[in-house]
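Asker: Quick one: structure below, then a few questions.
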Amino acid sequence: MRVTPFAFLILLIWQVPAPLVAQEPEIVVRGDVARSEIERIVEADNLDTSKLSPREVADAITLIPRRRAPADFWVAYLAHVEAWRRLAEATGAARRNRAADDFEAVAAAEDAVDTTFDEVERIARGYGARLPIPAARRLPTI
-3 MRVTPFAFLI LLIWQVPAPL VAQEPEIVVR GDVARSEIER IVEADNLDTS KLSPREVADA
57 ITLIPRRRAP ADFWVAYLAH VEAWRRLAEA TGAARRNRAA DDFEAVAAAE DAVDTTFDEV
117 ERIARGYGAR LPIPAARRLP TI
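Take -3 as the starting number for the sequence shown in the working numbering and just add one per residue.
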């Protein structure tokens, strides 16, 4: 019995388990979920930091849930949250003590906030996420 190339292809497709055939759409869905979860988090994080204390910012962003955000983004985001916590602690110490070392710690913590957000933003863009206009730069709505 001779099997034609077309018949062989049909037999081969018939033998392949269904999950392997349907793999590509699943990846697209996961990418859309990752992007939308990242956008949700960065939108919730978009606070007007010119009107809030570092403690208020740290407390607010600590409450943002991960849900289905990708692990690499979430690890970077947690580092950013921790940088805000350190800034809140350093700012509090500087207000209490007024020591030069405390003010240097505030400057270092501010740099860490910027650096960690740069990493969050880099990863977010890698997923195709749109980042909101920073709240401190938004024009007031009338």
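Backbone N, C-alpha and C fix where the C-beta goes; we use that ideal spot for every residue, glycine too.
Measure the C-alpha to C-alpha separation of Leu127 and Val38 and round it to an integer number of angstroms.
Answerer: What you label residue 127 is simply residue 131 of the sequence shown in a count that begins at 1. What you label residue 38 is simply residue 42 of the sequence shown in a count that begins at 1. Cα to Cα, the separation comes out at about 7 Å.
Asker: Give a yes or no on whether the C-beta atoms belonging to Pro66 and Ala125 are separated by under 7 Å.
Answerer: For the purposes of this step, residue 66 is taken as the residue at position 70 of the sequence shown. For the purposes of this step, residue 125 is taken as the residue at position 129 of the sequence shown. It is not a contact, given that the beta carbons lie outside the stated cut-off.
Asker: Express the C-alpha separation of Thr112 and Leu59 in angstroms, rounding to a whole number.
Answerer: If you number the sequence shown from 1, residue 59 lands on position 63. If you number the sequence shown from 1, residue 112 lands on position 116. Answer to the nearest angstrom: the Cα atoms are 18 Å apart.
Asker: Ignore the nearest five residues each way along the sequence and tell me which others in Leu43's own chain have a CB closer than 7 Å to its CB.
Answerer: Residue 43 sits at position 47 when you count from the first residue of the sequence shown. Excluding sequence neighbours, Leu43 sits near Val53, Ala56 and Ala131.
Asker: Quick check on the DSSP output: what are the complete alpha helix (DSSP H) runs of length 4 or more inside the segment 24 to 83, in order along the chain?
Answerer: Whole alpha helix (DSSP H) segments, 4+ residues: 50 to 58.
Asker: Just to confirm my understanding: we take Trp80, look at its own chain, exclude 5 residues before and 5 after, and list those with CB closer than 7 Å. What are they?
Answerer: Walking along the sequence shown from the start, residue 80 turns up at place 84. The residues are Pro50, Val53, Ala54, Ile57 and Val109.
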